[in-house]
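A quick write-up on the structure given underneath.
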Amino acid sequence: MARKNLLAGLSETETDDQVSSTSTAAYPIRGASKSMIRSVNELAKQADAYLEGEHVVELDPNVIDGSFVSDRMGDDKEQYQELLEAIRERGQDTPILVRPHPGIDGRYMIVFGHRRVRVAGELGRKVRAVVKEIDDKTHVIAQGQENSARANLSFIEKAMFAKRLEDLGYDRDVISSALASNAAAVSKMVSVVTRIPASVIGKIGSAAFVGRERWVELSLLVGRKSDMVTEIQSEPEFGELESNERFARLLAALNAKGKPGRKASVKPEAQSWAPEDKSVSVSVKKAGRAVTIAVKETDGGRFGTWISDNLGDLYEAFRKSERTATGD
C-alpha cells in the first residue's frame, strides 16, 4: 500500500497517540522505547516505506555524494562483487534514496544505497533513485534503519555509527530508532567505542563474527594495556590476518597477562529464534559461506522435516526476496 505522506510520521510534532503500536512506517521522535522495532522484517518494511509510492528517476552517479555520516568500515569484497554481478545481469531492482544536497545546488546526497551507486558508476549506468526532501534527522534514521535491515552491519560498525550520531548532537531516542536498539544497548555501543581508540578499531576492522560481549571485554583491557596493543598491532603478520582473526589475536594477547598469543580464530556466535509458546527452538550458526541450522524442542522434529520437504519453495522465496532487495 502506497503511503503518500511518509514524512508526516517522521515530524517532531507527531504525538505518540497518533502512532499505532503495529505501525511500521511512522516514527515518533519521543518515546522511542514505545515503538521499538521487534524484528528485522518489520524494520525492512519501515525502510521500504521511504520508497513506497514515490517517483523513481535515473541519476548520473557522478552527481551523487555520500552520506554526511558513514556506517561501514570498508566493503566486503565478495559481497560487493556478488551485488555487481547481480545488477549487471538483471539490472537494479530496488532504487536508492537520495536527498537534494543541502549545500551544493544540482547535486544529491545518498541516504541509503552507497554500494548501488558505486556499482552503477563501475558499470557506466545511471542509478535508479527516489529523491526526497528530508532533514538531517530523518536522513540518519532512514539510513540506520535500511542498513540495520539489509546490510548485516557488525556490532562494531553499529557502535561506530551510534558514536558518530552522538558526536553530531543526536539524542539517544534518535540513535535507538536508527539502529532498532534500546537505550541500554546503545549506551553499551557508545561506551565500547569510547574506551577503544578509533585507530585501534580501524586496524581490527569490522570483525563480522564478533559480538557485543567480546568487544566489551576488549574495551576493558585496551585502556590498561595500551603499550601491548600498539606492539601487537605493529607486528607485520597482524595486518595479514582476516578482521575476525585480528580481533582474536589482540584479545588473546591481552588476556595472556603480557604473553603474546598466537593466531586465533573466532567461532561465529549462534543466533537463535523461538515462537512465543517455545514449541520449537531454532539455532543458526554462520561460518564463512557455511550456515548450520539446528531445530529442537517439542515441534523441532516435525518443523525440521517440513523445512526439508519445502526446500524448493523456500529457495524460490529467497531468490524473489533478492530480486526485490539487493541491499545497500
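Residue numbers (my numbering): 19 to 346.
Don't be surprised by glycine CBs; every beta carbon is placed ideally from N, CA and C.
Values in this document were obtained by computation on a predicted structure and should not be read as measured data.
Using a 10 Å radius around the Cβ and a threshold of 16 neighbouring Cβ atoms, would you call W291 buried or exposed?
Residue environment analysis places W291 among the exposed positions, since fewer than 16 neighbouring C-beta atoms fall within 10 angstroms of its C-beta.
Select from H73, A266 and K304 the residue whose C-alpha is nearest the C-alpha of E151.
H73
For L269, which residues from the same chain have a beta carbon less than 6 Å from its beta carbon, with the 5 sequence-adjacent residues on both sides left out?
L236
Report yes if the C-beta distance between F265 and A225 is below 7 Å; otherwise report no.
yes
Apart from the five residues just before and just after M207, which ones in its own chain have a Cβ nearer than 7 Å to its Cβ?
K176, A177 and A180
What is the DSSP secondary structure of M127, reduced to helix, strand or coil?
strand
Identify the residues that DSSP records as bridge partners of T310: which are they?
K303
Terminal residues of the beta strand (DSSP E) in which E103 lies:
Here E103 belongs to no beta strand (DSSP E); instead the alpha helix (DSSP H) covers K95 to R108.
When you compare the CB positions of D317 and V298, do they come within less than 7 Å of one another, or not?
yes
Starting from R146, follow its DSSP beta bridges and name the residues at the other end.
Beta-bridge pairing links R146 to E76.
Three or more C-beta pairs below 8 Å linking the stretch 181-195 and the stretch 109-118
no
Identify the continuous beta strand (DSSP E) that holds I114 and give its terminal residues.
Per DSSP, I114 belongs to the beta strand (DSSP E) from I114 to P118.
Would you say V247 and V240 are within 7 Å of each other, going by their C-beta atoms?
Cβ distance < 7 Å, so V247 and V240 count as in contact.
Quick check on D83: does DSSP put it in helix, strand or coil?
strand
Thinking C-beta only, is V129 closer than 7 Å to I105?
no
Is G229 a contact residue of the ligand MN, with contact defined as CB to any heavy atom under 6 Å?
For the structure depicted, the ligand MN is absent and the ligand set is empty, with no information on it obtainable.
Length-filtered (3 minimum) beta strand (DSSP E) runs lying within the stretch 173-222
none
Backbone secondary structure at S244 - three-state DSSP
helix
Output yes or no for whether 7 Å exceeds the beta carbon distance between S261 and G223.
yes
With distances taken Cα to Cα, identify the nearest neighbour of G220 among D78, V87 and M91.
M91
Hey, S194 and I159: beta-carbon distance below 7 Å or not?
no
Whose C-alpha, out of P113, G229, G124 and A308, is nearest the C-alpha of S133?
Note that residue 133 is Arg in the sequence shown, not Ser. If we check each option's Cα against that of R133, P113 comes out closest.
Taking its Cβ as the centre, do 16 or more other Cβ atoms sit within 10 Å of S51, making it buried, or is it exposed?
Reliability fails at S51, whose pLDDT of 34 lies under 50, so the model's placement of it is uncertain and no value is given.
CB contact flag (F173, R213, <7 Å):
no
CB R300 to CB V313, shorter than 7 Å?
The sequence as given places Val at residue 300; Arg does not occur at that position. Yes. Within cutoff.
E261 - DSSP class collapsed to helix/strand/coil:
Note on identity: in this sequence residue 261 is Ser, with Glu being the wrong assignment. Looking at S261 - three-state DSSP - the assignment turns out to be helix.
From V192 to V87, what distance separates their C-alpha atoms?
14 Å
Between which two residues does the beta strand (DSSP E) carrying S290 extend?
Q289 to W291
What does a CB cutoff of less than 6 Å around N273 pick up in its chain, not counting 5 residues either side in sequence?
none
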